[in-house]
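Take a look at the structure set out below.
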Ligand SMILES: Cc1ncc(COP(=O)(O)O)c(C=O)c1O
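Numbering (the numbering used here), first residue to last: 33 to 409.
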């Protein structure tokens, strides 16, 4: 699925040197290396502020809390994402409300959100938290309009979308605040847990900086309930090195995606979406968005059989995500049940992520597609 050693090998001297500099300064928590990364990251994204923190999960919580989304308020998000998109809302003390996805992009559906907002639960909603799933921005034209009309905050879960954009605006600069993850499998990854909040609001940035340090502005004077959610110096140093290469890596991911498209078409396996019947539905890049292909996710009605077939041939694949959030045991108290979100439930049965990373070779992709063709024949 992912061979991180291929990324590491050409960079190891530069990475070791950057880690050595952290050791030389002995600034292990935040410090110069994190400040330098934050500055460079904000410039790259075209956003005023970037606040490094301990994980993408903490970044989501910080973004919500700093935007003053909390108790007695509700936040709308998608049932088809990683657990943290919803658990962070609960951690901020707010109520998660879920709305179904668009079957073509797997992202939160603006019309489903509007239906929810027009219903009895709509009045409590203070924010919408769309996830840029698989590296493609959610429909920001629609969400920006909905937020404007109803005076709601928009918080982006940009964990999978470093470098993606919508109408030329980068993920991280679209909403009131955004959260990134630098977990090892992400397209921009640290050497451990790390995350980041971005915002154009000075107020939200100041609050996020305070909340990641136990609610302190002045040492040992705690103005609010914060938490320890700081980025460590080694992660800042490593991320600053990788930041120089991420645009090139994202271009390579796009080339890998194009090759998959061509190989699947050449193999005669492709059927029109969004729902599969006999073959494979390919992922699509929506017009006027820039997809960074964090994942290349196909759809097939025979997903489980195909995955087993690939596993037997030692070909990696993954299911993001096999159980939608409303059916997770831990989220039972939200009160949803089977049938609540049919699109998310169907996607959970049909999606399969194939190997994708910048260094993946064409012959390896050929092997993957040939195996899939063999399965369908
Ligand atoms: C969509 C999404 N949101 C949030 C997270 C949480 O990030 P982290 O693992 O860095 O806490 C992840 C990644 O794991 C993710 O994919």
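For glycine and all other residues, C-beta sits at the position ideal for the given N, C-alpha and C.
Subject >> Any chain B beta carbon closer than 8 Å to residue 57 >> reply: Judged by its chain identifiers, the structure shown contains no chain B, having just a single protein chain.
**OP:** Out of 161, 243, 280, point me to the one whose CA is closest to residue 220's CA.
**Re:** In the chain shown, the residue the question calls residue 220 occupies position 188. The candidate whose alpha carbon is nearest that of residue 220 is 280.
Original post:
Quick one: Cα of residue 108 to Cα of residue 241, how far?
Top reply: Along the chain shown, read from residue 1 onward, the residue named residue 108 stands at position 76. Along the chain shown, read from residue 1 onward, the residue named residue 241 stands at position 209. Distance between the alpha carbons of residue 108 and residue 241 is about 25 Å.
**OP:** With DSSP collapsed to three states, give me the class of residue 257.
**Re:** Residue 257 sits at position 225 when you count from the first residue of the chain shown. In the structure shown, residue 257 sits in coil (DSSP, three-state: anything other than H, G, I, E or B).
**OP:** Look at the alpha carbon of residue 315 and the alpha carbon of residue 213, and state the distance between them as a whole number of angstroms.
**Re:** What you label residue 315 is simply residue 283 of the chain shown in a count that begins at 1. What you label residue 213 is simply residue 181 of the chain shown in a count that begins at 1. Looking at the two C-alpha atoms, the distance is approximately 23 Å.
**OP:** Could you tell me whether the segment 59-74 touches the segment 160-177, using the rule of 3 or more Cβ pairs below 8 Å?
**Re:** no
Subject >> residue 186 beta carbon less than 8 Å from that of residue 208 >> reply: By 1-based counting over the chain shown, the position of residue 208 is 176. By 1-based counting over the chain shown, the position of residue 186 is 154. Cβ atoms of residue 208 and residue 186: closer than 8 Å.
**OP:** From the DSSP output, in three-state form, read off residue 40 for me.
**Re:** Residue 40 sits at position 8 when you count from the first residue of the chain shown. Helix.
Original post:
Tell me, which residues are paired with residue 230 by DSSP?
Top reply: Start at 1 with the first residue of the chain shown, and residue 230 comes out as number 198. For residue 230, which the question treats as bridged, DSSP gives the partners 82, 210.
Original post:
Is residue 92 near ligand 1, going by C-beta to nearest heavy atom under 7 Å?
Top reply: Start at 1 with the first residue of the chain shown, and residue 92 comes out as number 60. The answer is yes for residue 92.
Original post:
If you measure from the CB of residue 170, is any heavy atom of ligand 1 nearer than 7 Å?
Top reply: Position 138 of the chain shown, counted from the first residue, corresponds to residue 170. No, since every heavy atom of ligand 1 falls outside the 7 Å radius drawn around the Cβ of residue 170.
**OP:** Determine the DSSP secondary structure at residue 332, reduced to helix, strand or coil.
**Re:** Stepping through the chain shown from its first residue, residue 332 is reached at position 300. Correct three-state label for residue 332: coil.
**OP:** Grab me the residues of residue 118's own chain with a C-beta within less than 7 Å of its C-beta, minus the 5 sequence neighbours each way, in chain order.
**Re:** For the purposes of this step, residue 118 is taken as residue 86 along the chain shown, with counting starting at 1. Closer than 7 Å at the Cβ level, and outside the excluded window around residue 118, lie 109, 128, 357, 363.
Subject >> Best match in 233, 252, 190, 381 for proximity to residue 92 [C-alpha to C-alpha] >> reply: Here residue 92 corresponds to residue number 60 of the chain shown, with the count starting at 1. Here the closest residue by C-alpha is 190.
Original post:
Which residue comes first and which comes last in the alpha helix (DSSP H) that contains residue 89?
Top reply: As a position in the chain shown, residue 89 is number 57, starting the count at 1. Counting along the chain, the alpha helix (DSSP H) containing residue 89 begins and ends at 88-98.
**OP:** Say yes only if the C-beta of residue 225 is nearer than 7 Å to one or more non-hydrogen atoms of ligand 1, and no if none qualify.
**Re:** Residue 225 sits at position 193 when you count from the first residue of the chain shown. The beta carbon of residue 225 sits closer than 7 Å to at least one heavy atom of ligand 1.
**OP:** Output the boundary residues of the beta strand (DSSP E) element that contains residue 160.
**Re:** Start at 1 with the first residue of the chain shown, and residue 160 comes out as number 128. Residue 160 -> beta strand (DSSP E) spans 157-161.
**OP:** Tell me the start and end of each unbroken beta strand (DSSP E) in the segment 312-397 that is at least 3 residues and wholly inside, in chain order.
**Re:** If we require 3 residues or more, the beta strand (DSSP E) runs fully inside the segment 312-397 come out as 328-331, 383-386.
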